[in-house]
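**Q** Each residue of the sequence shown is one higher than the one before, starting from 121 at the first, in my numbering.
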Amino acid sequence: AELTHLGAEGIHLLHFLEHAGALPAALREVVIERALAVPEPPLSPQDLKVIVLMVYWHFGVEPDLLVQDELCDDASQRLAH
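This is the structure we're talking about:
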């Protein structure tokens, strides 16, 4: 159910954040719970990033600047050189 709702990219993002030490297990579970509450799966990676940021802010967590950059960056707006 989680894979269907979050998508492979979403699962990859959560694993990346967890292994980077930026998303403790307890917060990961809150992110997953909030993501599963979204009525229309699958979530886009950008939507999941917003949920992660909202969970950080709700719990008063200030992520590392590189993590913030990753979460706030919209890769779809990049132009290939």
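Even glycine gets a Cβ: it sits at the ideal position worked out from N, Cα and C.
When the distance is taken between beta carbons, is residue 141 closer than 8 Å to residue 165?
**A** Not a contact, by the Cβ cut-off of 8 Å.
**Q** Suppose you measure from the CA of residue 193 to the CA of residue 124; what does that come to, to the nearest Å?
**A** For residue 193 and residue 124, the distance between alpha carbons rounds to 24 Å.
**Q** Among the candidates 175, 185, 159, whose CA atom is the shortest distance from the CA of residue 145?
**A** It is 175.
**Q** Considering residue 136, what are the terminal residues of the alpha helix (DSSP H) in which it resides?
**A** Per DSSP, residue 136 belongs to the alpha helix (DSSP H) from 122-139.
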